[in-house]
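Everything below concerns the one structure shown next.
And the structure:
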């Protein structure tokens, strides 16, 4: 599915274990507990990408989220924040401008995903209306509002080549043999 100006966060996007409990909303513990985003199946070291052109506003650790990247972007006239959690590393820095589809980091198993194995490995991905939302679903929207679909029981591939460049940051990023350096 191609959406103008929007890329998927991974090359292959599917909800972990094809379980509705790994989607957005009051979907856990029989509808009694909120899940604040999508858990997309991603083994540690999977590349993740900027879903839109925007500014990286945070790179660091945040409790149960582990290593996090937060991207501020505009969509349909409003500022939103794409949050990528449980990462192993970032190749961007706070304040950096990125293009849609730019490689921004690698998935991992940080935060409360530390002990996960096999098909439990994932990228926790949220869309926020504020950079630092409250508990539950406050300050968050269903990523389906951006992508138009939920990748549940199917995999959505972002077949467009990722943008390798960033806009005017002056930071060449991290160089990794075999990944972005021959």
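Numbering (the numbering used here), first residue to last: 1463 to 1644. Glycine included, C-beta positions come from ideal geometry on N, C-alpha and C.
(message) Going by DSSP, what residue range makes up the beta strand (DSSP E) through residue 1511?
(response) Walking along the chain shown from the start, residue 1511 turns up at place 49. In the DSSP assignment, residue 1511 falls within the beta strand (DSSP E) that extends over 1509-1511.
(message) Tell me which residues share the same chain as residue 1612 and place their Cβ nearer than 6 Å to its Cβ, disregarding the 5 neighbours each side in the sequence.
(response) Reading the chain shown from its first residue, position 150 is the one you call residue 1612. Contacts found: 1485, 1606.
(message) Can you find the residues in the same chain that come closer than 6 Å, C-beta to C-beta, to residue 1516, ignoring five residues on each side of it along the sequence?
(response) Locating residue 1516 in the chain shown gives position 54, where the first residue counts as 1. Closer than 6 Å at Cβ, skipping near neighbours: 1533, 1534, 1535.
(request) Would you tell me roughly how many angstroms separate the C-alpha atoms of residue 1470 and residue 1601, rounded to the nearest one? (result) Indexing the chain shown from 1 puts residue 1470 at position 8. Indexing the chain shown from 1 puts residue 1601 at position 139. Taking the CA atoms as reference points, residue 1470 sits about 21 Å from residue 1601.
(request) Classify residue 1486 as helix, strand or coil using the three-state DSSP reduction. (result) In the chain shown, the residue the question calls residue 1486 occupies position 24. The answer is coil: DSSP assigns residue 1486 none of H, G, I, E or B.
(request) Quick one: grab the DSSP three-state call for residue 1495. (result) Walking along the chain shown from the start, residue 1495 turns up at place 33. Strand at residue 1495.
(request) Could you name the residues that DSSP lists as bridge partners for residue 1532? (result) For the purposes of this step, residue 1532 is taken as residue 70 along the chain shown, with counting starting at 1. Per DSSP, the beta bridge partners of residue 1532 are 1520, 1545.
(message) Please identify the residue among 1467, 1468, 1466, 1505 whose C-alpha is closest to the C-alpha of residue 1479.
(response) Within the chain shown, the letter at position 17 stands for residue 1479. Sorting 1467, 1468, 1466, 1505 by C-alpha distance to the C-alpha of residue 1479 places 1505 at the top.
(message) Considering only their Cβ atoms, is the gap separating residue 1548 from residue 1594 smaller than 8 Å?
(response) For this step, residue 1594 is matched to residue 132 along the chain shown. For this step, residue 1548 is matched to residue 86 along the chain shown. No, the Cβ-Cβ distance between residue 1594 and residue 1548 is not below 8 Å.
(message) What would DSSP say about residue 1574, mapped onto helix, strand or coil?
(response) Along the chain shown, read from residue 1 onward, the residue named residue 1574 stands at position 112. Reduced to three states, the DSSP call for residue 1574 is helix.
(message) Out of 1608, 1500, 1520, which one is the CA nearest neighbour of residue 1557?
(response) Your numbering for residue 1557 matches position 95 in the chain shown. Restricting attention to 1608, 1500, 1520, the CA atom closest to the CA of residue 1557 is found in 1520.
(request) Using alpha carbons as the reference points, say which of 1589, 1560, 1502 lies closest to residue 1571. (result) For the purposes of this step, residue 1571 is taken as the residue at position 109 of the chain shown. Considering only alpha carbons, the answer is 1502.
(request) May I have the straight-line CA-CA distance separating residue 1498 from residue 1477, to the nearest angstrom? (result) Locating residue 1498 in the chain shown gives position 36, where the first residue counts as 1. Locating residue 1477 in the chain shown gives position 15, where the first residue counts as 1. Each residue's alpha carbon lies about 14 Å from the other.
(message) Going by DSSP, what residue range makes up the beta strand (DSSP E) through residue 1589?
(response) For the purposes of this step, residue 1589 is taken as residue 127 along the chain shown, with counting starting at 1. Counting along the chain, the beta strand (DSSP E) containing residue 1589 begins and ends at 1584-1590.
(message) I'd like the span of the alpha helix (DSSP H) that includes residue 1566, first residue to last.
(response) Within the chain shown, numbered from 1, the residue matching residue 1566 stands at position 104. Residue 1566: not part of any alpha helix (DSSP H); member of the beta strand (DSSP E) spanning 1565-1569, first to last residue.
(request) Closer than 7 Å by C-beta to residue 1573: which residues in its own chain qualify, once you throw out the five before and the five after it? Chain order, please. (result) Here residue 1573 refers to the residue found at position 111 of the chain shown. Once the five neighbours on either side are set aside, the close Cβ partners of residue 1573 are 1525, 1526, 1527, 1528, 1547, 1548.
(message) Would residue 1518 and residue 1554 be called neighbours here (beta carbons separated by less than 8 Å)?
(response) Working through the chain shown from its first residue, we reach residue 1518 at position 56. Working through the chain shown from its first residue, we reach residue 1554 at position 92. In this structure, residue 1554 lies closer than 8 Å to residue 1518 by Cβ.
(request) Take residue 1513 and list the residues in its own chain whose beta-carbon comes closer than 8 Å to its own, dropping the five residues that flank it on each side. (result) Taking the first residue of the chain shown as 1, we reach residue 1513 at position 51. Cβ neighbours of residue 1513 beyond the five flanking positions: 1468, 1469, 1470, 1471, 1533, 1535, 1544, 1562, 1608.
(message) Within a Cβ cutoff of 7 Å, which residues of the same chain sit near residue 1481, ignoring the five residues on either side of it in sequence?
(response) Here residue 1481 is taken as the residue at index 19 of the chain shown, counted from 1. Cβ neighbours of residue 1481 beyond the five flanking positions: none.
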